[in-house]
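**Student:** Once you've had a glance at the structure underneath, I'll fire off some questions.
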Amino acid sequence: MFIEKNNLSEVFSGIAPYYDLLNHILSFNRDKLWRMEFIATAGIKENARILDLCTGTADIAIECAKRKNACQVFGVDFSEEMLKQARDKINRLGLEKQIYLIKADVFKLPFHSDFFDLVSISFGLRNLIDYSKGMEKMANMLKKGGKVIILEFSPPLDNAAGRVYDFYLKKMVPLVALICGGSTAAYKYLSSSISAFLYPKQILNCMELAGLKNLSMKKMCLGVVNAYYGEK
Numbered sequence: 003m004f005i006e007k008n009n010l011s012e013v014f015s016g017i018a019p020y021y022d023l024l025n026h027i028l029s030f031n032r033d034k035l036w037r038m039e040f041i042a043t044a045g046i047k048e049n050a051r052i053l054d055l056c057t058g059t060a061d062i063a064i065e066c067a068k069r070k071n072a073c074q075v076f077g078v079d080f081s082e083e084m085l086k087q088a089r090d091k092i093n094r095l096g097l098e099k100q101i102y103l104i105k106a107d108v109f110k111l112p113f114h115s116d117f118f119d120l121v122s123i124s125f126g127l128r129n130l131i132d133y134s135k136g137m138e139k140m141a142n143m144l145k146k147g148g149k150v151i152i153l154e155f156s157p158p159l160d161n162a163a164g165r166v167y168d169f170y171l172k173k174m175v176p177l178v179a180l181i182c183g184g185s186t187a188a189y190k191y192l193s194s195s196i197s198a199f200l201y202p203k204q205i206l207n208c209m210e211l212a213g214l215k216n217l218s219m220k221k222m223c224l225g226v227v228n229a230y231y232g233e234k
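Counted from 1, the sequence shown has number 69 at position 67 by this note's numbering; the numbering is strictly sequential.
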């Protein structure tokens, strides 16, 4: 089943109740460490105003709020069901005064330009219809000197390790989703979106074209996942 990016809101709403569980299983619980390392190296300042795009169930927003008690985090997602899951987690952790959840599209954000100290997007960049315009929107939201940080999967390389990774994405990920009662169509989309995504150099190039500077990249899990950092 082929899923158009225009229909992703319905797809993510459908998998929202078991999204966190499947992420933990499919990453062998490494996703928690990826997010912690990603935020630990982002250099979040006291009293920072943070925008977390494609926030999903708000794991990155929560990690930001935990690091600096004075920061404000605005989590944006287009799926109301994902935001419901996020809201429950935030309330359980007592972070509702720090994290504000908003249903919106990345390209139609209800904020002024030059408003945030940091803009993050975690495993959501590849779901955007236009990567370059998405980067430009992120840069536009930043104050001068602010940072864009991106956490994302990389497509398999054409080598032995890449072929193992490709097999896991195409065969094992949908199978595990099926066993766990999830949507195989949604997780087939996940696999195909990773395989067809940009390579690290292309992402860094998009960041540069969006006007970001002092670019850097940090490999995680042997480059299966990468963190990208840029400054306005």
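Beta carbons: idealized from backbone N, C-alpha and C, even for Gly.
Predicted, not measured: the structure shown is a model, and the values here were computed from it.
1) Report the three-state DSSP secondary structure of Ser124 (helix, strand or coil).
2) Any contact of the segment 44 to 55 with the segment 116 to 125, i.e. 3+ C-beta pairs under 8 Å?
3) Count the C-beta pairs between the segment 213 to 231 and the segment 18 to 28 that are closer than 8 Å, then say yes if the count reaches three, no if not.
4) Unbroken beta strand (DSSP E) runs of length 3 or more, entirely within the segment 28 to 103: which are they?
5) By the three-class DSSP mapping on this structure, what secondary structure does Phe117 have?
6) DSSP has Ser218 in a bridge; who is on the other side?
7) Which residues bound the alpha helix (DSSP H) around Phe14?
8) On a Cα-Cα basis, can you pick out the residue from Lys68, Lys47, Phe109 that is closest to Cys56?
9) Would Lys70 and Ile92 be called neighbours here (beta carbons separated by less than 8 Å)?
10) Looking only at its chain, what residues have a beta carbon closer than 6 Å to the beta carbon of Phe199, apart from the 5 residues adjacent to it on each side?
11) Excluding the 5 residues preceding and the 5 following Cys223 in the sequence, name in chain order all residues of the same chain whose CB lies nearer than 8 Å to its CB.
12) Identify every residue that forms a DSSP beta bridge with Ile131.
13) Which residues bound the alpha helix (DSSP H) around Phe169?
**Tutor:** So, from the data block:
1) For the purposes of this step, residue 124 is taken as residue 122 along the sequence shown, with counting starting at 1. Three-state result, Ser124: strand.
2) Yes: the two stretches touch, three or more of their Cβ pairs being nearer than 8 Å.
3) With the cut-off at 8 Å, the segment 213 to 231 and the segment 18 to 28 do not touch.
4) At a cut-off of 3 residues, the continuous stretches assigned as beta strand (DSSP E) that sit fully inside the segment 28 to 103 are 51 to 55, 74 to 79.
5) If you number the sequence shown from 1, residue 117 lands on position 115. It is coil, neither helix nor strand.
6) For the purposes of this step, residue 218 is taken as the residue at position 216 of the sequence shown. Beta-bridge pairing links Ser218 to Tyr231.
7) Walking along the sequence shown from the start, residue 14 turns up at place 12. Note, Phe14: alpha helix (DSSP H), 10 to 17.
8) The residue labelled residue 56 in the question sits at position 54 within the sequence shown. For Cys56, the nearest C-alpha among the options comes from Phe109.
9) Taking the sequence shown and counting its residues from 1, one reaches residue 70 at position 68. Taking the sequence shown and counting its residues from 1, one reaches residue 92 at position 90. Not a contact, by the Cβ cut-off of 8 Å.
10) The residue labelled residue 199 in the question sits at position 197 within the sequence shown. Once the five neighbours on either side are set aside, the close Cβ partners of Phe199 are Arg128, Pro157.
11) In the sequence shown, counting from the first residue as 1, residue 223 sits at position 221. Apart from sequence neighbours up to five positions away, the residues of its chain that approach Cys223 with a beta-carbon distance below 8 Å are Arg32, Trp36, ordered along the chain.
12) Numbered from its first residue, the sequence shown carries residue 131 at position 129. DSSP lists no partner for Ile131.
13) Your numbering for residue 169 matches position 167 in the sequence shown. Following the DSSP letters along the chain, one finds Phe169 inside the alpha helix (DSSP H) bounded by residues 162 to 169.
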